[in-house]
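In this note's numbering, the protein residues as written are -8 to 90.
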């Protein structure tokens, strides 16, 4: 049986004085993540009315591909910077396609 793709919406909010730094850290994730096996979509968005608010919209071929991403060196390196850059906890949500 073929797995359904996994959709992720991950919201990241920067400290007001760290928005530029966080933006650079997040942008640096995009290219290597898009090259990962099983990555179908990995888009980084920034809120037009609140520049501290970033969202990743992701689609992964399988749970295995997503788990591999979560254990990747580039994501671990970025996450190591989060305590100094984030204003609040990461908000990561997994979704199934209904229709």
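Every residue, glycine too, gets a C-beta built ideally from N, C-alpha and C. In this text the structure is predicted, and so the values were computed from the model without any measurement.
Looking at residue j and residue i, is the spacing between their C-beta atoms short of 8 Å?
i: residue 43; j: residue 15; result: no
i: residue 31; j: residue 76; result: no
i: residue 36; j: residue 46; result: yes
i: residue 29; j: residue 55; result: yes
Kindly give me the distance between the Cβ atoms of residue i and residue j, rounded to whole angstroms, as I take these residues to be in contact under 8 Å.
i: residue -2; j: residue 50; result: 5 Å
i: residue 27; j: residue 59; result: 7 Å
i: residue -6; j: residue 63; result: Not a contact, Cβ separation roughly 20 Å.
i: residue 65; j: residue 23; result: 5 Å
Specify, as a first and last residue, the run of the alpha helix (DSSP H) that residue i falls within.
i: residue 84; result: From DSSP, residue 84 is part of no alpha helix (DSSP H) but of the beta strand (DSSP E) over 82 to 86.
i: residue 58; result: 54 to 61
In terms of residues, what are the limits of the beta strand (DSSP E) holding residue i?
i: residue 1; result: -3 to 4
i: residue 31; result: 30 to 37
i: residue 46; result: 44 to 51
Identify every residue that forms a DSSP beta bridge with residue i.
i: residue 73; result: Note: residue 73 sits in no beta bridge, so no partner.
Whose C-beta lies closer than 7 Å to the C-beta of residue i among residues of the same chain, with five residues either side of it excluded?
i: residue 21; result: 33, 35
i: residue 38; result: 44
Apart from the five residues on each side of it in sequence, which residues of its chain come closer than 6 Å, Cβ to Cβ, to residue i?
i: residue 2; result: 46, 82
i: residue 72; result: 16
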